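Visitor: Numbering (the working numbering), first residue to last: 87 to 456. Every residue gets a Cβ at the ideal spot worked out from N, C-alpha and C, and that includes glycine. Since this is a predicted model, take the numbers as computed values, not measurements. Have a look at the structure that comes next, please.
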């Protein structure tokens, strides 16, 4: 027998269902709106950060260009502010609203310069919403030592030719000249003027004409260089006496195998030694050619044969070490034979070869000293 149940009153259930669905749909719509709005804010923030970052990078490059163009902007110590809350512009030159930029530059690392002149450029771009981008660029000052050949004025009659083979960069602030006998340049050639005889040259890496001149160091710059050389014990007093092509001071580079590994080219195994001649001995220091070369006073040129062609032991010399013209017999023919022999050589003043291959700090005859 089946029981009977009273019929329930279900009026109003549809309204509740509609209200619940409405609340759910509204929540979904609000969530979607919030997500969309948040995504838009993130996108606009990212775009603003990107624009600020581009402005900071542009500030670094503009500052580097300014330092290259005006060397006086770069301080010897501390830092200098190149920009102070200036407007940031886009590639078209229009101001980007709300962005400002400040830039500083100065030496960093070892500021004395004995290991090179290194510096930093720091730029900060910010806006009113507290967006801030900081960028840093490390820079270094190039040295004239990078050039195989550098001139400010070529003068007259100075030309490359005769099969000249130049390794390394070349720059001149003047016009360039190449003879018809030809020359080869292994690296880039740059000149502020023009190149005459350009068809006679072989340029492995090309050439540029009409470039901006590179100014020579000022007296003040050379004074700073001297102070840096003193720190590194490489400041030496030179002299202006002597004729053309003669000098009283010369520097010689020497490798010493300090760690006894059989290789004298390791780091920290390169040294220099300096020879300074006494007054009046400039021709000896620079091995200037005497005329005639068989003159009895020539101490730089000679040979290393044991006997003269006449069979006489020349100058009492019985070994095979170098013997200068001045050390030979007083007969002109013996000295002439010395400088015409296949073993004839000329050495700069102070060279060990002039003293039997033995390094001599103070050569005899008060010629000078190391």
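Is the separation between the beta-carbon of residue 337 and that of residue 360 shorter than 7 angstroms?
Guide: Between residue 337 and residue 360, the gap from beta carbon to beta carbon is short of 7 angstroms.
Visitor: What residue range is occupied by the uninterrupted alpha helix (DSSP H) comprising residue 293?
Guide: Not the alpha helix (DSSP H): residue 293 falls in the beta strand (DSSP E), residues 293-295.
Visitor: Using the beta-carbon count (16 or more within 10 Å), is residue 169 buried or exposed?
Guide: buried
Visitor: DSSP on residue 401, reduced to helix/strand/coil?
Guide: Any reading at residue 401 must be qualified, since the residue scores a pLDDT of 48, below 50, and its modelled position is unreliable; no value is offered.
Visitor: Where do the ends of the beta strand (DSSP E) carrying residue 170 lie?
Guide: 166-175
Visitor: Residue 225 and residue 210 - do their beta-carbons sit closer together than 7 angstroms?
Guide: Between residue 210 and residue 225, the C-beta gap is not smaller than 7 angstroms, which leaves the two residues out of contact.
Visitor: Given residue 386, which residues of its chain have a CB within under 6 angstroms of its CB, disregarding the five upstream and five downstream residues?
Guide: 373, 432 and 433
Visitor: Ordered along the chain, which non-local residues of its own chain (more than five positions away) have a Cβ less than 8 angstroms from that of residue 281?
Guide: Result list for residue 281: 261, 262, 263, 264, 275, 287, 293 and 295, in chain order.
Visitor: How is residue 340 classed by DSSP in three states: helix, strand or coil?
Guide: Under the three-state reduction of DSSP output, residue 340 falls in the strand class.
Visitor: Cα separation between residue 398 and residue 407?
Guide: Bear in mind that the predicted position of residue 398 carries a pLDDT of just 46, short of 50, making it too unreliable to give a figure here.
Visitor: What beta strand (DSSP E) runs, 3 residues minimum, are completely inside the region 286-326?
Guide: 287-289 and 293-295
Visitor: According to DSSP, is residue 393 helix, strand or coil?
Guide: Because residue 393 carries a pLDDT of 47, less than 50, the predicted location of this residue cannot be relied on, and the following value inherits that uncertainty. Coil at residue 393, not helix or strand.
Visitor: Residue 437 by DSSP, collapsed to three states: which one?
Guide: Collapsing the DSSP output to three states places residue 437 in coil.
Visitor: May I ask you to report which of helix, strand or coil DSSP gives residue 449?
Guide: coil
Visitor: Quick check: what's the CA-CA separation for residue 133 versus residue 188?
Guide: 21 angstroms
Visitor: Thinking just about the alpha-carbon of each residue, which of 175, 443, 258 and 420 is nearest to the one in residue 240?
Guide: 258
Visitor: So, residue 366 versus residue 334, is the Cβ gap smaller than 7 angstroms?
Guide: no
Visitor: The beta strand (DSSP E) that contains residue 224, what's its start and end?
Guide: 218-226
Visitor: Does the structure place the region 234-249 close enough to the region 155-175 that three or more beta carbon pairs sit under 8 angstroms?
Guide: no
Visitor: 7 angstroms is my cut-off, CB to CB: does residue 272 come that close to chain C?
Guide: Within the model displayed, chain C is absent; a lone protein chain is all it includes.
Visitor: Who does residue 387 pair with in a DSSP beta bridge?
Guide: 432
Visitor: What residues are listed by DSSP as bridge partners for residue 193?
Guide: 205
Visitor: With 16 as the cutoff for other CB atoms within 10 Å, does residue 449 come out buried or exposed?
Guide: Counting the other Cβ atoms within 10 Å of the Cβ of residue 449 gives 16 or more, which makes it buried.
Visitor: Would you tell me roughly how many angstroms separate the C-alpha atoms of residue 368 and residue 452, rounded to the nearest one?
Guide: Rounded to the nearest angstrom, the two C-alpha atoms are 12 angstroms apart.
Visitor: Return the CA-CA distance between residue 446 and residue 355, expressed in angstroms with no decimal places.
Guide: Taking the straight line joining both Cα atoms gives about 21 angstroms.
Visitor: Output the distance between the C-alpha atoms of residue 318 and residue 339, rounded to the nearest integer angstrom.
Guide: 16 angstroms
Visitor: Distance check for residue 230 and residue 422, CA to CA, integer angstroms please.
Guide: 43 angstroms
Visitor: For residue 255, which of 238, 267 and 273 has the nearest alpha-carbon?
Guide: 273
Visitor: Can you tell me whether residue 160 is buried or exposed, with buried defined as 16 or more other CB within 10 angstroms of its CB?
Guide: buried
Visitor: Just grab the DSSP bridge partners of residue 276 for me.
Guide: Paired residues: 257 and 294.
Visitor: What do you get for residue 271, buried or exposed, if any count of 16 or more other CB atoms within 10 angstroms of its CB means buried?
Guide: Classified as buried, residue 271 has 16 or more neighbouring CB atoms from the shown chains inside 10 Å of its CB.
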